[in-house]
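Engineer:
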Amino acid sequence: MQDTIEWQKNNIPVLAVAGNSGSGKTTLIEKVLPHLVNRGLRVAVIKHDVHGLNVDHPGKDSARLFEAGADVYLSGPDETFLRRHSYQSSSLSTTISQLAPMYDLIMVEGFKQSPLRKVWLLGEGEKPPIEKNNLIHVLERNVDRAAWLLGYIDKWLPRQWHQTQVFGAILIDDKRTDMRQAKYLIEVNGRVWLEHIIEQLKDVVDEIVIIGTGDIASHISAVRLPEVPDLSGPLSGILAAMRWAPYKSWLMCTCDLPHLSTDVLRWLLNARAPGHWGVLPRIGKEAVEPLLAYYDWRAARIFEDIAAQGGCKQSLIAQHEKISTPNPPVELTSAWAKLSIPEDKYSNS
């Protein structure tokens, strides 16, 4: 039960289609899946078969390996298959938690006694169930079930997506470059620049963390996180944030953005949509900006893959199919310009 509470608390989108045998559960899910996939969603379906599984042919290499005691992973050009023994936990809540980082929506066929949000399908001559158990709707046979379910998902899924808490991360370092001190310590109107960045973020996020080396003023209250060891560049800071709070989405920014505003941050948040694991603004025709950007918590998997490849090319994330790269309004594009003028000139401006 604790696992169930955990994934519900983190607003993981899970929807069950329940009903008695022969009510049309598989048929309905099969009808809606192509529409969901065409909208850019990754969908997983969890199905329980009380009669047991028949997924391999006796005598095949994979069946022999499974019968010998191994869990077997099969990989082909267009699919990957895992067959594992029941000695591992196979509870519904555990399966949901394992699938969640890889999918935009998890659909469950059956499990009518579970606490899942569910749609109930009536069979011929059946009456609606007495026990509601988180039942959201009953669909009779004489209605367009697929149209109703797609309409419901279109309204419910974005709401579920936007319920995820958003944290703000500020990446700092103590490089001086052409300045006499670190950029985030430049004083403007009686406050160091880091405070100006925090001021913009605090209106739109639930918590702010500062990631990187360097001292900050004692009166600045924010969680401090070290960068991930053995990684270089911003990737080490981005992964530090995502590992620290794995079910939170992030507004990432650097400490040298003189034109950062809440309007820009709200534009990034408004660009969120189911199926998009990140919003990286495209400034002009080519440049994509990964460091004043929004990342859904599922994007952690992309960054972990990049890190595992041994590189620090966080720009690779912009090429991922789950990343959106919209052009911001022209009046907001200056927010991505970096602070690069000398301290004495900037302080007098």
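Read in the working numbering, the sequence shown has 301 at position 301, and its numbers run on one by one without any break. Note that the Cβ used here is the ideal one computed from N, Cα and C, for glycine as well.
#1: Taking GLN375 as the reference, which of VAL264, ALA146 and ALA241 has the closest Cα?
#2: Have a look at VAL72, LEU74, LEU122 and ARG243 and flag the residue whose alpha-carbon is nearest the alpha-carbon of GLU304.
#3: Within 10 angstroms of the Cβ of GLY19, are there 16 or more other Cβ atoms? Answer buried if so, exposed if not.
#4: Under a Cβ-count criterion, where at least 16 other Cβ atoms within 10 Å of its own Cβ denotes burial, should GLY125 be classed as buried or exposed?
#5: Answer yes if the stretch 214 to 229 comes into contact with the stretch 283 to 290, meaning at least three C-beta pairs across the two stretches below 8 Å, and no otherwise.
#6: Report yes or no: is there a C-beta of chain C within less than 8 Å of the C-beta of HIS259?
#7: Can you list, in chain order, the residues of its chain with a C-beta nearer than 7 Å to that of ALA222? Leave out the 5 residues immediately preceding and following it.
#8: What are the boundary residues of the alpha helix (DSSP H) that includes THR94?
#9: Whole angstroms is fine: what's the gap from ILE302's alpha carbon to ASP296's?
#10: For PHE167, count the other beta carbons within 10 Å of its own beta carbon; 16 or more makes it buried, fewer makes it exposed. Which is it?
#11: May I ask you to report which of helix, strand or coil DSSP gives ALA169?
#12: According to DSSP, is TRP277 helix, strand or coil?
#13: Excluding the 5 residues preceding and the 5 following ALA318 in the sequence, name in chain order all residues of the same chain whose CB lies nearer than 8 Å to its CB.
#14: Compare the Cα-Cα distances from LEU122 to each of LEU41, GLY76 and GLY24 and report the closest residue.
#15: What separation, rounded to the nearest whole angstrom, lies between the Cα atoms of MET179 and LEU194?
#16: Could you please give me the residues that DSSP links to VAL204 through a beta bridge?
#17: In this structure, how does DSSP classify VAL228 when only helix, strand and coil are distinguished?
#18: Please go through the same chain and pick out, in chain order, the residues whose beta-carbon is closer than 7 Å to the beta-carbon of ASP206, but skip the five residues on each side of it.
Structural biologist: In brief:
#1: One cannot answer for residue 375 here, as it falls past the ends of the chain, which runs 1 to 349.
#2: ARG243
#3: buried
#4: exposed
#5: no
#6: Here there is only one protein chain, and chain C is not present.
#7: ILE198, ILE208, VAL209 and ILE210
#8: 92 to 99
#9: 11 Å
#10: buried
#11: strand
#12: coil
#13: LEU280, VAL288, PRO290 and THR325
#14: GLY24
#15: Reliability of the predicted coordinates at MET179 is poor, the pLDDT of 49 falling under 50, and the value obtained from them is presented with this limitation in mind. The straight-line gap from Cα to Cα measures roughly 15 Å.
#16: Answer is none; VAL204 lacks a bridge partner.
#17: coil
#18: GLN165, VAL166 and PHE167
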